[in-house]
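J.: Chains as they are written, first to last, in my numbering: chain R, 1 to 344; chain S, 1 to 271.
Just so it is clear, CB atoms sit at the ideal spot from N, CA and C, and this is done for glycine as well.
Handing you a structure now.
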Amino acid sequence: MSDDVIVADGLRKEFTVRVRTGRLRREKRLVTAVDGIDLRVARGEMLGYIGPNGAGKSTTLKMFTGVLTPSAGEVRVCGLRPVAQRTRLALRVGVVFGQRSQLWWDLPLRDSFALLRHVYRVPAAAHAARLRRCRGLLDLDPFLDTPVRQLSLGQRMRGELTAALLHGPEVLFLDEPTIGLDVVSKQAVRGFLGELGRAGDTTLVLTTHDLADIERLCRRLVVVDHGRVVHDGSIAALHERYGSRRLLVADLDAPLPGPPALPGAPLQRQEADGHRLVFALESAGVAEVVAALAGLGAVRDVSIVEPDIEDVVARLYRSRRGSDDADLRGDDADLRGGGQPLRL
Amino acid sequence: MADASGGTLAAYRALLGAQARAQTAYRTSFVIDVVGNVGSTVFDVLTVLVIFGVTRELGGFTLRETMVMVGLSTCAFAVADLLVGSIERLPRYVRTGLLDAVLVRPLGALPQLLLMDLPLRKVSRAAFGLAVLVIAVASAGVEWTPARALLVVLAPLAGVVFFGSVFVATATVSFWWVDSGELANSVTYGGRDFTSYPITVFEGWFRAAFAYGLGFAFVSYHPALALLGRADPLGLPAWVGWAAPAVALVAAAGAAATWRTGIRHYRSTGS
Chain R
1 MSDDVIVADG LRKEFTVRVR TGRLRREKRL VTAVDGIDLR VARGEMLGYI
51 GPNGAGKSTT LKMFTGVLTP SAGEVRVCGL RPVAQRTRLA LRVGVVFGQR
101 SQLWWDLPLR DSFALLRHVY RVPAAAHAAR LRRCRGLLDL DPFLDTPVRQ
151 LSLGQRMRGE LTAALLHGPE VLFLDEPTIG LDVVSKQAVR GFLGELGRAG
201 DTTLVLTTHD LADIERLCRR LVVVDHGRVV HDGSIAALHE RYGSRRLLVA
251 DLDAPLPGPP ALPGAPLQRQ EADGHRLVFA LESAGVAEVV AALAGLGAVR
301 DVSIVEPDIE DVVARLYRSR RGSDDADLRG DDADLRGGGQ PLRL
Chain S
1 MADASGGTLA AYRALLGAQA RAQTAYRTSF VIDVVGNVGS TVFDVLTVLV
51 IFGVTRELGG FTLRETMVMV GLSTCAFAVA DLLVGSIERL PRYVRTGLLD
101 AVLVRPLGAL PQLLLMDLPL RKVSRAAFGL AVLVIAVASA GVEWTPARAL
151 LVVLAPLAGV VFFGSVFVAT ATVSFWWVDS GELANSVTYG GRDFTSYPIT
201 VFEGWFRAAF AYGLGFAFVS YHPALALLGR ADPLGLPAWV GWAAPAVALV
251 AAAGAAATWR TGIRHYRSTG S
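Rendered as structure tokens:
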């Protein structure tokens with residue numbers, strides 16, 4: 001187990017909040033943001049940490065980095081206790097908080113990087129080599145001499161990523177690294193993180209709302225809700241567990257007289273007045289379903305839709321929340337995919 | 001470890017350098033800021049002079065004697081305000097996430113916050129405070145002994161440490177109680193005003209609380225008595241004037257403990 005860079009056992013964080021209960025009366029209420037998280041992350045792993053707003057993702061990352069003191073439980077990162085050994089840990093981890101900055105607002109990006117070399121006491125040669133690599137991969141040169149306050153969000157995020165990596169951290173924590181970015185910047189950030197992960201010597205832990213981040217980058221997915229881990233495993237395991245299946249979409253020349261009953265492939269829905277049928281592939285194979293359909297009428301086109309992670313996660317949240325569904329939709333634009341047209 | 005601590009110092013120096021560069025980027029506006037900033041401190045000293053325009057003694061002390069207290073107080077407060085005063089913006093650091101950013105770096109959080117927001121324009125106040133102290137001491141007719149020469153250096157330093165501790169401790173309260181700013185101000189600025197006068201002009205529980213409960217009597221009143229060789233009209237023994245550095249160290253230890261506890265209670269902001 002010595003190769004686990006993150007070990008958390010029964011990690012909890014509670015906050016007391018004062019709630020107005022009357023004109024002058026206030027009541028203390030205990031809010032549990034993180035409710036007993038057990039987690040082990042091996043060196044070199046790329047871990048996606050997802051959950052709805054308020055699920056405790058950021059709070060957990062802040063406990064991993066020594067910003068917040070846990071209310072209970074044990075946590076070790078790189079073998080260190082984050083709060084008690086905060087400054088030692090800081091030398092070995094990198095942190096990108098999407099809505100915080102590690103950069104100096106009034107200084108050119110280049111100067112921020114130079115300052116961070118002193119802050120982290122990095123030898124000049126190592127610093128220069130890492131900066132050169134980031135400049136190439138993240139295309140920093142066009143804005144290296146621009147004051148940070150004048151950078152676009154995408155440019156700033158590329159700067160933040162560089163800033164977090166200049167001291168060669170063993171673990172990189174990313175809290176919403178793609179939030180608010182345009183498509184091009186998102187791709188640049190994902191491409192860069194993918195590259196970093198493939199190199200294998202940096203452990204990546206990222207929280208996100210954007211499931212595409214996870215699909216591109218992470219083999220392992222941890223889903224949290226209400227401060228608890230509700231899924232920990234591969235994306236495939238998530239699909240399996242929550243019954244998401246591949247879909248077979250068949251376009252027909254003419255609608256069938258009645259809904260077909262195919263063993264092992266229940267009909268999910270009909271579209272275009274019965275010209276399009278969508279089946280869930282449970283135990284039946286593609287060939288069986290196509291053969292059965294061909295026996296019923298003329299099939300014009302067949303396509304297979306891989307399960308959509310957004311769909312799965314939305315279903316997962318919904319099954320846990322029941323009537324809170326509306327709330328979920330309100331604050332989680334990325335998870336609205338649930339009942340929408342298929343992505344082909 | 002010598003190497004590591006040298007590296008830490010270099011890191012702090014780099015932070016200070018960046019701060020200085022950012023603030024002095026617009027030279028003219030910086031100069032105006034520096035000059036403008038001396039204003040309120042001059043006003044504080046003028047207030048005392050105006051009072052002596054209508055009275056010959058204040059709480060049993062002459063103008064020259066009182067000015068030693070004013071000098072000690074002004075100098076200590078202005079330097080502490082320059083070095084540590086920006087910590088009263090702690091609630092803002094919490095809100096903007098600067099505290100989070102600072103906590104993930106391999107340096108102390110408090111020194112980083114202070115260095116990243118060092119109000120260099122206040123250097124004029126510190127210089128003015130020092131000038132007031134030098135002039136007041138020079139014109140007060142002090143009978144110099146080696147011990148008093150030492151005290152005239154140590155007492156203002158102790159005062160800086162003391163006021164700095166008050167700044168840190170009162171700002172830290174905002175970790176628990178976000179709207180604590182008014183209370184914090186009444187202690188820091190109230191304390192500054194309190195130390196600008198002989199404590200004999202105050203009375204009752206108020207004097208007891210500020211002078212000895214919070215320890216402000218050791219910033220200017222007692223050191224000034226020791227420098228001037230005057231017995232305390234309130235009856236405390238002469239050595240009390242020499243206790244200022246010890247009191248300052250106790251205050252610093254208390255402030256450090258408060259800060260550490262506050263950081264543990266820090267709740268950060270959402271996301």
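State the CB to CB distance for the pair S:S196 and S:D81, rounded to an integer number of angstroms; the pair is presumed to be in contact (CB under 8 Å).
T.: Indexing the second sequence from 1 puts residue 196 of chain S at position 196. Indexing the second sequence from 1 puts residue 81 of chain S at position 81. Not quite, the Cβ-Cβ distance comes to about 14 Å (not below 8 Å), so this is no contact.
J.: Measuring only between beta-carbons, confirm whether S:D33 sits less than 8 Å from chain R.
T.: Reading the second sequence from its first residue, position 33 is the one you call residue 33 of chain S. No, because no Cβ of chain R sits closer than 8 Å to the Cβ of S:D33.
J.: Would you kindly work out how many angstroms separate the C-alpha atoms of S:G108 and S:G141, rounded to a whole number?
T.: On the second sequence, position 108 is the one that residue 108 of chain S refers to. On the second sequence, position 141 is the one that residue 141 of chain S refers to. Taking the straight line joining both Cα atoms gives about 44 Å.
J.: Does the stretch 211-227 of chain R come close enough to the stretch 54-72 of chain R that 3 or more CB-CB pairs lie under 8 Å?
T.: yes
J.: If you measure from the beta carbon of S:V104 to each beta carbon in chain R, is any gap under 8 Å?
T.: Residue numbering aside, residue 104 of chain S sits at position 104 when the second sequence is read from its first letter. Interface residue, yes.
J.: Does the beta carbon of S:Y266 sit closer than 8 Å to a beta carbon anywhere in chain R?
T.: Here residue 266 of chain S corresponds to residue number 266 of the second sequence, with the count starting at 1. Residue contact with chain R for S:Y266: present (Cβ-Cβ distance below 8 Å to some residue of chain R).
J.: Go ahead and label R:S323 buried or exposed: buried means 16 or more other beta carbons lie within 10 angstroms of its beta carbon, across all protein chains shown.
T.: As a first step, residue 323 of chain R is located in the first sequence; it is residue number 323 there, counting from the start. Reliability of the predicted coordinates at R:S323 is poor, the pLDDT of 41 falling under 50, and the value obtained from them is presented with this limitation in mind. Exposed, because fewer than 16 other Cβ atoms sit within 10 Å of the Cβ of R:S323.
J.: In the stretch 87-101 of chain S, which residues sit with their C-beta less than 9 Å from some C-beta in chain R, listed in chain order?
T.: T96, G97, L98, L99, D100 and A101
J.: Assuming the contact rule is C-beta atoms closer than 8 Å, R:M46 and R:G191 should be a hit. Round their C-beta distance to whole Å, please.
T.: Your numbering for residue 46 of chain R matches position 46 in the first sequence. Your numbering for residue 191 of chain R matches position 191 in the first sequence. Contact flag wrong, Cβ pair sits at about 14 Å.
J.: Taking DSSP's pairing of strands, which residues face R:T69 in a bridge?
T.: For the purposes of this step, residue 69 of chain R is taken as residue 69 along the first sequence, with counting starting at 1. According to DSSP, R:T69 bridges with nothing at all.
J.: Show which residues of chain R have a CB atom less than 8 Å away from the CB atom of S:L118.
T.: Locating residue 118 of chain S in the second sequence gives position 118, counting from the first residue. The premise fails here: S:L118 is roughly 14 Å from chain R at the closest Cβ pair, so nothing lies under 8 Å.
J.: Which one of R:R133, R:D251 and R:R269 has the shortest CA to CA distance from R:A294?
T.: As a working note, residue 294 of chain R is residue 294 in the first sequence. Per the Cα distances, R:D251.
J.: S:L28: which of S:R121, S:L15, S:L249 and S:P223 sits nearest, CA to CA?
T.: For this step, residue 28 of chain S is matched to residue 28 along the second sequence. One point to set straight first is that residue 28 of chain S is Thr, not Leu, in the sequence displayed. For the residues S:R121, S:L15, S:L249 and S:P223, the minimum Cα distance to S:T28 belongs to S:R121.
J.: So, does the stretch 28-37 of chain S touch the stretch 123-142 of chain S, judging by three or more C-beta pairs under 8 Å?
T.: yes
J.: Look up S:G39 in the DSSP assignment and say whether it is helix, strand or coil.
T.: To locate residue 39 of chain S, count along the second sequence from 1; it is residue 39. If DSSP states are grouped into helix, strand and coil, S:G39 belongs with the helices.
J.: So, under 8 Å CB-CB, R:A193 and R:L211 are touching, yes? Tell me the CB distance rounded to an integer number of Å.
T.: Walking along the first sequence from the start, residue 193 of chain R turns up at place 193. Walking along the first sequence from the start, residue 211 of chain R turns up at place 211. For the record, residue 193 of chain R in the displayed sequence is Leu; it is not Ala. With a Cβ gap of about 15 Å, R:L193 and R:L211 do not count as contacting.
J.: Can S:P198 and S:G60 be called in contact, C-beta distance under 8 Å?
T.: Reading the second sequence from its first residue, position 198 is the one you call residue 198 of chain S. Reading the second sequence from its first residue, position 60 is the one you call residue 60 of chain S. Going by C-beta atoms, S:P198 is nearer than 8 Å to S:G60.
J.: In three-state terms, what does DSSP make of R:S323?
T.: Taking the first residue of the first sequence as 1, we reach residue 323 of chain R at position 323. At R:S323 the pLDDT is 41, less than 50, meaning the model places this residue with poor confidence; the figure from the coordinates comes in the next sentence. Of the three classes helix, strand and coil, the one that applies to R:S323 here is helix, per DSSP.
J.: Following the continuous beta strand (DSSP E) through R:Q155, name the residue where it begins and the one where it ends.
T.: On the first sequence, position 155 is the one that residue 155 of chain R refers to. For R:Q155, there is no enclosing beta strand (DSSP E); the enclosing alpha helix (DSSP H) has its first and last residue at L153 to L165.
J.: Mind reading off the beta-carbon distance from R:G66 to R:V83? Whole number of angstroms is fine, and I expect it under 8 Å.
T.: Translated into positions along the first sequence, residue 66 of chain R becomes position 66. Translated into positions along the first sequence, residue 83 of chain R becomes position 83. With a Cβ gap of about 5 Å, R:G66 and R:V83 count as contacting.
J.: I'd like to know if the stretch 16-30 of chain R and the stretch 84-98 of chain R are in contact, where contact means that at least 3 CB-CB pairs between them fall below 8 Å.
T.: no
J.: Hey, quick one: how far does the beta strand (DSSP E) through R:L221 stretch, first residue to last?
T.: Here residue 221 of chain R refers to the residue found at position 221 of the first sequence. Its beta strand (DSSP E) spans residues R220 to D225.
J.: Using beta carbons (cut-off 8 Å, strictly below), is S:L9 in contact with chain R?
T.: Sequence index remark: in the second sequence, residue 9 of chain S carries index 9 (1-based). At least 8 Å separates the CB of S:L9 from every CB of chain R.
J.: Since R:R121 meets chain B, which of its residues come closer than 7 Å, beta carbon to beta carbon?
T.: In the structure shown, chain B cannot be found, because the protein chains are R and S.
J.: Jot down the residue ranges of each uninterrupted alpha helix (DSSP H) in the stretch 186-217 of chain R, minimum 4 residues, whole runs only, in chain order.
T.: Runs of alpha helix (DSSP H) with 4 or more residues, each lying fully within the stretch 186-217 of chain R, are found at 211-217, listed in chain order.
J.: How about S:A14: is its C-beta nearer than 8 Å to some C-beta of chain R?
T.: By one-based count along the second sequence, residue 14 of chain S stands at place 14. Answer yes: the Cβ-Cβ gap between S:A14 and chain R drops below 8 Å somewhere.
J.: Using the rule of at least 16 other Cβ atoms within 10 Å of the residue's Cβ for burial, across every protein chain shown, is R:L238 buried or exposed?
T.: Here the question's residue 238 of chain R lines up with position 238 in the first sequence. Buried, because 16 or more other Cβ atoms sit within 10 Å of the Cβ of R:L238.
J.: Which same chain residues end up closer than 6 Å to S:A252 when comparing Cβ atoms and leaving out the 5 residues on each side of it in sequence?
T.: Position 252 of the second sequence, counted from the first residue, corresponds to residue 252 of chain S. V161 and S165, listed in sequence order.
J.: Does the Cβ-Cβ distance between R:V223 and R:E160 come in under 8 Å?
T.: The residue given as residue 223 of chain R occupies position 223 in the first sequence. The residue given as residue 160 of chain R occupies position 160 in the first sequence. It is not a contact, given that the beta carbons lie outside the stated cut-off.
J.: Report, in whole angstroms, the separation of the C-beta atoms of R:V93 and R:P142, which I expect to be a contact under 8 Å.
T.: Along the first sequence, one-based indexing puts residue 93 of chain R at 93. Along the first sequence, one-based indexing puts residue 142 of chain R at 142. Not confirmed; about 29 Å, so no contact.
J.: Any beta carbon from chain S within less than 8 Å of R:V67's own beta carbon?
T.: Working through the first sequence from its first residue, we reach residue 67 of chain R at position 67. Yes - at least one Cβ of chain S is within 8 Å of the one on R:V67.
J.: Could you name the residues of chain R that S:L107 contacts, counting a contact when the two beta carbons are closer than 7 Å?
T.: By one-based count along the second sequence, residue 107 of chain S stands at place 107. Under the 7 Å cutoff, chain R gives T87 and V119.
J.: R:R25 versus chain S: which residues are under 7 Å apart at the beta carbon?
T.: Along the first sequence, one-based indexing puts residue 25 of chain R at 25. Ordered by position in chain S, no residue passes the 7 Å Cβ test against R:R25, which lies about 17 Å from the chain.
J.: DSSP state of R:Q85, grouped into three classes?
T.: Taking the first sequence and counting its residues from 1, one reaches residue 85 of chain R at position 85. Coil at R:Q85, not helix or strand.
J.: Would you mind giving the Cβ-Cβ distance between R:G233 and R:R216, rounded to the nearest angstrom? I have them listed as a contact below 8 Å.
T.: Against the first sequence, residue 233 of chain R aligns to sequence position 233. Against the first sequence, residue 216 of chain R aligns to sequence position 216. About 18 Å separates the two Cβ atoms, so there is no contact after all.
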